[in-house]
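Numbering-wise, this note's numbering puts 243 at position 242 of the sequence shown, and it's gapless, one number per residue. Using N, Cα and C, we set each Cβ at its ideal position, and we do this for glycine too. Here the structure is a predicted model, which is why all the values come from computation and not from measurement. Presented below is the structure to which this report refers.
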Amino acid sequence: AAALRDILNVLARRWPLVQVLIAPTLVQGNDAPPQIVRALRWLDGRTDIDTILVSRGGGSMEDLWAFNDERVARAIFAAQHPIISGVGHEVDFTISDFVADLRAPTPSAAAELAVPDIAEIAPLLAGVQAHLHGVMADHLAQKQRQVQTLSRHLSLLSPRGRVDSHRQRLDMLHGRLAQAMQRKLAKAEGRLAVVQAQLAAVGPLATLSRGYAIVRDADGRVIRSVGQVAAGDGLEVQVGDGRFPVQVQKA
Numbered sequence: 002a003a004a005l006r007d008i009l010n011v012l013a014r015r016w017p018l019v020q021v022l023i024a025p026t027l028v029q030g031n032d033a034p035p036q037i038v039r040a041l042r043w044l045d046g047r048t049d050i051d052t053i054l055v056s057r058g059g060g061s062m063e064d065l066w067a068f069n070d071e072r073v074a075r076a077i078f079a080a081q082h083p084i085i086s087g088v089g090h091e092v093d094f095t096i097s098d099f100v101a102d103l104r105a106p107t108p109s110a111a112a113e114l115a116v117p118d119i120a121e122i123a124p125l126l127a128g129v130q131a132h133l134h135g136v137m138a139d140h141l142a143q144k145q146r147q148v149q150t151l152s153r154h155l156s157l158l159s160p161r162g163r164v165d166s167h168r169q170r171l172d173m174l175h176g177r178l179a180q181a182m183q184r185k186l187a188k189a190e191g192r193l194a195v196v197q198a199q200l201a202a203v204g205p206l207a208t209l210s211r212g213y214a215i216v217r218d219a220d221g222r223v224i225r226s227v228g229q230v231a232a233g234d235g236l237e238v239q240v241g242d243g244r245f246p247v248q249v250q251k252a
């Protein structure tokens, strides 16, 4: 169905790491409501589900009537998982919209609400990495100060032999602590590197390097439809290795 293709395309574009489980049902006719109810209960009973989308494309009021059915409305309201309703077009309203946790004007908009945008998440990872470095460095410095304080106390309160013995032990513990902190830091950096590599492989720049382009208008807005441009408009095209201006000759 066109609505399903739109949902899958939006999910893949915004968050390529998402895993989708589809529960196909009839969406109009007398047999549609019980099928929709069974699908909702099956999905809601799973433990590997984060969000449920209830969607279908546009149609007449009669075509959308299954989503006004009381059985469907009660199943949506009783669900434990959050449900986003994206039924029909923006002007269409059904009872399912009002009992769901969130109403989207279209199936594509429901997909937009269901997942984050990878382009917004990637910069946050860099901030997390910098914060992690700072926390680890502060923790290591704190432990080093504690070791130095204990060493000074021992030198004042203990005979030389005990001081030397404790100092050796403290040096050993200090070495172990430094090694443990370095291992934790290396492990955390490794996990971040894997995530960054995955994001880079599916990010906007990687997509551009495969022959795609991003077109923006004079205000920097991304052009998603021919309806956004007119003849004579000046645009900017971004490809994998740079940007260049173009002008619309005909629209």
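| task | Could you please give the first and the last residue of the uninterrupted beta strand (DSSP E) stretch that includes PRO205? | result | Run containing PRO205: none in the beta strand (DSSP E); it sits in the alpha helix (DSSP H), 205–210.
| query | Does the Cβ-Cβ distance between GLU71 and LEU133 come in under 9 Å? | reply | Between GLU71 and LEU133, the gap from beta carbon to beta carbon reaches 9 Å or more.
| said: As a quick exercise: from ASP51, ILE85, HIS90, pick the residue whose alpha carbon is nearest that of MET62. | reply: Of the candidates ASP51, ILE85, HIS90, the one whose C-alpha sits nearest the C-alpha of MET62 is HIS90.
| task | Figure out for me which residue from ALA231, ARG217, PRO108 has the closest Cα to the Cα of ARG6. | result | Here the closest residue by C-alpha is PRO108.
| task | Spell out a yes or no on whether the region 183–200 and the region 121–140 are touching, meaning 3 or more CB-CB pairs, one atom from each, closer than 8 Å. | result | The region 183–200, when compared against the region 121–140, does touch it at the 8 Å Cβ threshold.
| task | Taking 9 Å as the cut-off, decide whether the C-beta atoms of ILE50 and LEU22 are in contact. | result | Cβ atoms of ILE50 and LEU22: closer than 9 Å.
| message | Strictly by DSSP, which residues pair up with ARG244? | response | Paired residue(s): GLN239.
| request: Go to ILE23, then tell me how far its alpha helix (DSSP H) extends in each direction, as first and last residue. | output: Looking at the DSSP string, ILE23 is not in any alpha helix (DSSP H), and its letter there is neither H nor E.
| task | Count the other C-beta atoms from every protein chain shown that fall within 10 angstroms of the C-beta of THR48, then say buried if there are 16 or more, exposed otherwise. | result | When all chains shown are included, THR48 counts as exposed.
| request: Report the rounded CA-to-CA distance for LEU206 versus ASP98, giving the unit in angstroms. | output: Roughly 37 Å between the two C-alpha positions.
| query | Who are the Cβ neighbours of ASN69 in its own chain at under 6 Å, not counting the five residues just before and after it? | reply | Residues THR95, ILE96 of the same chain have their beta carbon placed closer than 6 Å to that of ASN69, with the five preceding and five following residues left out of the count.
| field | Inter-residue CB distance, THR52 and ILE37 (contact presumed, cutoff 8 Å) | value | 17 Å between Cβ atoms; not a contact.
| N-terminal and C-terminal residue of the alpha helix (DSSP H) that ARG217 is part of | Here ARG217 belongs to no alpha helix (DSSP H); instead the beta strand (DSSP E) covers 215–217.
| said: Give me the DSSP bridge partner(s) of ILE85. | reply: Beta-bridge analysis with DSSP links ILE85 to LEU54, LEU103.
| message | For a test of the three-state rule: what should DSSP assign to VAL11, helix, strand or coil? | response | VAL11: helix per DSSP, three-state reduction.
| field | Cβ shell of LEU65 (< 7 Å), same chain only, five flanking positions each side left out | value | Only VAL88, GLY89, ASP93, THR95 meet the Cβ criterion.
| query | Any chance the region 179–190 sits against the region 108–118, with 3 or more Cβ pairs inside 8 Å? | reply | No contact exists between the region 179–190 and the region 108–118.
| query | Beta carbon of ARG14: closer than 8 Å to some heavy atom of the ligand COA? | reply | In terms of ligand content, the structure shown is empty, and the ligand COA therefore cannot be addressed.
| task | State the Cα-Cα distance for the pair ASN31 and ALA67, rounded to the nearest angstrom. | result | For ASN31 and ALA67, the distance between alpha carbons rounds to 8 Å.
| Three-state secondary structure assigned by DSSP to VAL223 | When DSSP states are grouped into helix, strand and coil, VAL223 belongs to the strand group.
| Which residues mark the beginning and the end of the alpha helix (DSSP H) in which PRO108 is found? | Per DSSP, the unbroken alpha helix (DSSP H) holding PRO108 starts and ends at 108–115.
| query | What residue does the alpha helix (DSSP H) around PHE94 start on, and which one ends it? | reply | From DSSP, PHE94 is part of no alpha helix (DSSP H); its letter is neither H nor E.
| query | Taking Cβ to Cβ, would you say LEU41 is nearer than 9 Å to ILE8? | reply | No, the pair does not count as a contact, with Cβ atoms beyond the cut-off.
| With respect to the alpha helix (DSSP H) encompassing GLU71, which residues constitute its N-terminal and C-terminal limits? | Unbroken alpha helix (DSSP H) run through GLU71: 71–79.
| query | Is there a Cβ from chain D that is less than 9 Å from the Cβ of THR107? | reply | This model lacks chain D altogether, as it is built from one protein chain only.
| query | What number of angstroms, rounded off, separates the C-alpha of HIS154 from the C-alpha of LEU186? | reply | Straight-line measurement puts the Cα of LEU186 at about 30 Å from the Cα of HIS154.
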